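Working notes, beginning with the structure itself.
Numbering (our numbering), first residue to last: 6 to 513.
As structure tokens, this is what we get:
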């Protein structure tokens, strides 16, 4: 048995390494960590790897990486140790067996030798008769020899709880109040391979690690009476429970990695959501906006603000719909709040992944990126959006591809526009241009470029700005949409700008 924890509160998240981490892991971790930090307690990461059939060996590393990326760091865990180590269930197998032996000796559990085929047939029969599904206790009270004489036998036994007829299914929840859960059946607590099931391991581990508060999704409400019964049978003090509202999709169904790519926590990083924006959004999935002194509500807040005012009674049991439009809006707010150099730093991995930049960009390439970052800042919702906007600035002038969509916007007057733009920009002094940095003292600057083009195209040809500058934009970027045109031309420099204008003109 473990010694009494020294922390005022101890909370844990216990994901299974059976694939890409689920966004729900971050959701639970956030609320765990917010309460633990507010109370001066500890947050524990435990890996529940007893499902050996579905185990994926790279999944654990993904759990570590994505939670670290979000800033949801733990005080104890498999990677850093702690006073209650080990923190992987597969390394704790010797811990569980004494508890199983005690339950068997006291008649609170029994061996079951039913084959998988018999159990499937039993459930199908119960469903056909519209009966509640559950084990029919065929093995209860029988020796192995007695059970072997009956159909549907396997020599590899599991261990089941013997749920009493008068089991108490009531309990109090920090979020949902008083709950009357469904009556459980005789749950398997030890599998035939010697590994405990979740239901036994979670009780033993939470006790051994001194966990004071268990935060998990509402889908576990039906299992809570089993866990409380185990606590009672084993003479252990149960933790407090907080069953969080589920993350639901637009159809109000629990989000699933099989149906929604964004149920994978790694998806958000791949797309380019800022971790602080995702943390803010996940908090809003179960918690109200911060109420200001003047009565207004504020949806944009930091983890520290969330933790400081945290109260379990404010968690909304119904939760909300996982609205990606809302997340995109929130992410855009966080992107626009970044300083230019910080945004450039965060964009760099996405540009490298798309091979726009190499893994070791030169100082000139980095300088150009710092100049470009503020130009795309208001035009992107996620960091990956910037790749198409920035890529044209890192290709050779003869390698720039004009998209079919952009080319389709060119009207019969485009050649005249490009000829006029070539003359106007060709007459501009470019001394010191092409550095890739905005705000230099060169006469080749955004203001001078704009003045020259407006004089030649708007005043000289009598065109509206949208028409006048559209062909120039296509020539410069190869796309319909680009960063601000005049700043883009300044960054490209005179040589590249004229080369791109000529290339498009010659193709028409």
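A virtual CB, placed ideally from N, CA and C, is assigned to each residue, including glycine.
The structure displayed is predicted, hence computed values, not measured ones.
- From what residue to what residue does the alpha helix (DSSP H) around residue 371 run? Where residue 371 is concerned, the enclosing alpha helix (DSSP H) stretches over 368-381.
- State the DSSP-derived secondary structure class of residue 246, mapped to helix, strand or coil. Strand, per DSSP.
- residue 34 and residue 49 closer than 7 Å at C-beta: Taking 7 Å as the cut-off, the Cβ atoms of residue 34 and residue 49 do not count as close.
- Query: Per DSSP, residue 81 forms a beta bridge with which residues?
  - Reply: Residue 81 has 49 as its beta-bridge partners, per DSSP.
- Query: Three-state secondary structure (DSSP) at residue 211?
  - Reply: Correct three-state label for residue 211: helix.
- Could you give the distance in angstroms between the alpha-carbon of residue 475 and the alpha-carbon of residue 506? Each residue's alpha carbon lies about 12 Å from the other.
- Return helix, strand or coil for residue 115, following the three-state DSSP convention. Of the three classes helix, strand and coil, the one that applies to residue 115 here is strand, per DSSP.
- Item | Of the residues 264, 261, 311 and 262, the one placed nearest residue 282, counting alpha carbons only | Nearest C-alpha to residue 282 among 264, 261, 311 and 262: 311.
- Message: Tell me which residues share the same chain as residue 172 and place their Cβ nearer than 8 Å to its Cβ, disregarding the 5 neighbours each side in the sequence.
- Response: Answer for residue 172: 188, 189, 230 and 234, listed in chain order.
- Query: Which residue's Cα is closest to the Cα of residue 123: 158, 460, 212 and 22?
  - Reply: Residue nearest to residue 123 within the set 158, 460, 212 and 22 is 158 (criterion: CA-CA distance).
- Task: Enumerate in chain order the residues of its own chain whose CB-to-CB distance from residue 459 is below 6 Å, with the five nearest sequence positions on each side excluded.
- Result: Nothing listed; no residue qualifies.
- Query: Taking Cβ to Cβ, would you say residue 247 is nearer than 7 Å to residue 184?
  - Reply: Cβ atoms of residue 247 and residue 184: not closer than 7 Å.
- Query: What first and last residue would you give for the beta strand (DSSP E) that runs through residue 403?
  - Reply: Run containing residue 403: none; DSSP gives neither H nor E here.
- Query: To which residues does DSSP link residue 505 through a beta bridge?
  - Reply: Paired residues: none, contrary to the question.
- Cα-Cα, which of 78, 214 and 134 is closest to residue 88? In this structure, 214 is the residue among 78, 214 and 134 with its C-alpha nearest to the C-alpha of residue 88.
- Limits of the unbroken alpha helix (DSSP H) element including residue 62: Premise fails: residue 62 is in no alpha helix (DSSP H) and is neither H nor E.
- Answer yes or no: do residue 250 and residue 323 have a C-beta to C-beta separation smaller than 7 Å? In this structure, residue 323 lies closer than 7 Å to residue 250 by Cβ.
- Task: Determine the DSSP secondary structure at residue 388, reduced to helix, strand or coil.
- Result: Three-state DSSP puts residue 388 in a helix.
- Item | Segment limits, beta strand (DSSP E) that includes residue 175 | From DSSP, the beta strand (DSSP E) with residue 175 extends over 175-178.
- Query: Looking only at C-alpha atoms, which of 400, 480, 191 and 244 sits nearest to residue 207?
  - Reply: Considering only alpha carbons, the answer is 244.
- residue 440 by DSSP, collapsed to three states: which one? With a pLDDT of only 48 at residue 440, under 50, the local geometry of the prediction cannot be trusted, and no value is derived from it.
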